[in-house]
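**Q** Number 164 marks the last residue of the sequence shown (numbering that gives the first Met the number 0); no jumps.
Just so you know, even glycine gets a beta-carbon here, dropped at the ideal spot from N, CA and C.
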Amino acid sequence: MKKYLVLILFVILFSCRSKKPVTNPNNSNTNIENPIPYKRFVITTKNEVEPEKLKKAIELGKRLLETCNTSRFKSFNSSEATQTVIENATSEKISKTCQKINFRNGKFLDLILLDITHDIETNDYIFRFDIKYVKTFYQRELKIVMNKDNKVSSIVSKEVTKKPF
Numbered sequence: 000m001k002k003y004l005v006l007i008l009f010v011i012l013f014s015c016r017s018k019k020p021v022t023n024p025n026n027s028n029t030n031i032e033n034p035i036p037y038k039r040f041v042i043t044t045k046n047e048v049e050p051e052k053l054k055k056a057i058e059l060g061k062r063l064l065e066t067c068n069t070s071r072f073k074s075f076n077s078s079e080a081t082q083t084v085i086e087n088a089t090s091e092k093i094s095k096t097c098q099k100i101n102f103r104n105g106k107f108l109d110l111i112l113l114d115i116t117h118d119i120e121t122n123d124y125i126f127r128f129d130i131k132y133v134k135t136f137y138q139r140e141l142k143i144v145m146n147k148d149n150k151v152s153s154i155v156s157k158e159v160t161k162k163p164f
């Protein structure tokens, strides 16, 4: 009886072991050692971007942030921005945001271009700016997304946490 029990245990033990995956030696994909990874977002330089696209992004960003200093917002038109940006960038929403920003950061001074990212799939360009204010306690950045039609498809302003030393 003991022999049968030991035999059954060995059969169960060896039947549960993992098996090696079956590979086809004729498969041509196994010969590739280092496939090239696909990158959707590519950081580009100023020279690789159309000058009018860069100029338009800077002008629209400054116009939006100057609104906080002057309290006069000139709304975007259909040749400058997409319909969703026009609908979302109302004077009420911008004045609320400007009140918060002015309280924490003070008066807007200038925009400094940090980097430009190209989205290959949608052919959009993401311009990332550092916003300079009078008060330097809090750092903010502005992201403007320009689509292939040279229209602003997104504007995002957010606070950036400072990295400790």
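Keeping to the same chain, check which residues put their C-beta closer than 7 Å to that of Leu63; ignore five residues upstream and five downstream.
**A** The residue given as residue 63 occupies position 64 in the sequence shown. The answer, listed in chain order, is Ile154.
**Q** Please work out which residues of its chain come closer than 6 Å, Cβ to Cβ, to Lys134, disregarding the five sequence neighbours upstream and downstream, and give them in chain order.
**A** Walking along the sequence shown from the start, residue 134 turns up at place 135. Excluding residues within five positions, the ones whose Cβ falls inside 6 Å are Asn104 and Gly105.
**Q** Measure from the alpha carbon of Thr66 to the alpha carbon of each residue in Thr89, Asp148 and Ser14, then state which is nearest.
**A** Locating residue 66 in the sequence shown gives position 67, counting from the first residue. When each option's Cα is compared against that of Thr66, the closest is Thr89.
**Q** Using alpha carbons as the reference points, say which of Leu12, Ile11 and Glu79 lies closest to Ile143.
**A** Within the sequence shown, numbered from 1, the residue matching residue 143 stands at position 144. Nearest of Leu12, Ile11 and Glu79 to Ile143, Cα basis: Glu79.
**Q** Rounded to a whole number of angstroms, what is the C-alpha to C-alpha distance between Glu86 and Ser74?
**A** Locating residue 86 in the sequence shown gives position 87, counting from the first residue. Locating residue 74 in the sequence shown gives position 75, counting from the first residue. Distance between the alpha carbons of Glu86 and Ser74 is about 10 Å.
**Q** Following the continuous alpha helix (DSSP H) through Arg103, name the residue where it begins and the one where it ends.
**A** Position 104 of the sequence shown, counted from the first residue, corresponds to residue 103. Note, Arg103: alpha helix (DSSP H), Ser90 to Asn104.
**Q** Under three-state DSSP, which class holds Ile35?
**A** Counted from its first residue, the sequence shown places residue 35 at position 36. The answer is coil: DSSP assigns Ile35 none of H, G, I, E or B.
**Q** By the 10 Å Cβ neighbour count, where 16 or more other Cβ atoms means buried, how is Ile111 classified, buried or exposed?
**A** Start at 1 with the first residue of the sequence shown, and residue 111 comes out as number 112. When all chains shown are included, Ile111 counts as exposed.
**Q** Roughly how many angstroms lie between the CA atoms of Phe9 and Lys38, to the nearest whole one?
**A** Numbered from its first residue, the sequence shown carries residue 9 at position 10. Numbered from its first residue, the sequence shown carries residue 38 at position 39. C-alpha separation (whole angstroms): 51 Å.
**Q** Tell me whether the beta-carbon of Val151 lies closer than 9 Å to the beta-carbon of Thr43.
**A** Within the sequence shown, numbered from 1, the residue matching residue 151 stands at position 152. Within the sequence shown, numbered from 1, the residue matching residue 43 stands at position 44. In this structure, Val151 keeps its C-beta atom at 9 Å or more from the C-beta atom of Thr43.
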